[in-house]
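Letter by letter, the sequence shown follows residues 1 to 92 of our numbering.
We put the CB at the ideal spot given by N, CA and C, even for glycine.
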Amino acid sequence: NKFEYTTHHNEFMKLVDKLLCELLDDLGVTPEQLVAVLSDDLSKKCKLSSFVLTSILSVEDFLQFKAMMAKRNVELTNQVIEALTETSDPGE
Numbered sequence: 001n002k003f004e005y006t007t008h009h010n011e012f013m014k015l016v017d018k019l020l021c022e023l024l025d026d027l028g029v030t031p032e033q034l035v036a037v038l039s040d041d042l043s044k045k046c047k048l049s050s051f052v053l054t055s056i057l058s059v060e061d062f063l064q065f066k067a068m069m070a071k072r073n074v075e076l077t078n079q080v081i082e083a084l085t086e087t088s089d090p091g092e
């Protein structure tokens, strides 16, 4: 089971990398330019740049990935329960 999580995590990292590269390409920004902007902003204690950098770096953290997936699973389960409750509500 844990090996399966690792496989999913690796696929997730590849997907995020691909999407980030595509976004940068669409914006006409090189990875080096992004790093330069983030570095400059971090030296100025910019909260948005700190958030962006932390988000990008957290993709590689397996434990954060696992926690994020568990949280998302709970959210999806709650949405299903809510939808089932609404459709079976005799008051409507």
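Query                                                                                                                     : Result
Chain-order list of residues whose beta-carbon lies under 7 Å from that of S49 (same chain, five-residue window excluded) : L38, D41, L42
CA-to-CA distance, K45 to K71, given in whole angstroms                                                                   : 29 Å
Start and end residues, alpha helix (DSSP H) containing V16                                                               : 2 to 27
Alpha helix (DSSP H) segment containing S39, residue limits                                                               : 31 to 43
Cα-Cα separation, F51 to V35                                                                                              : 14 Å
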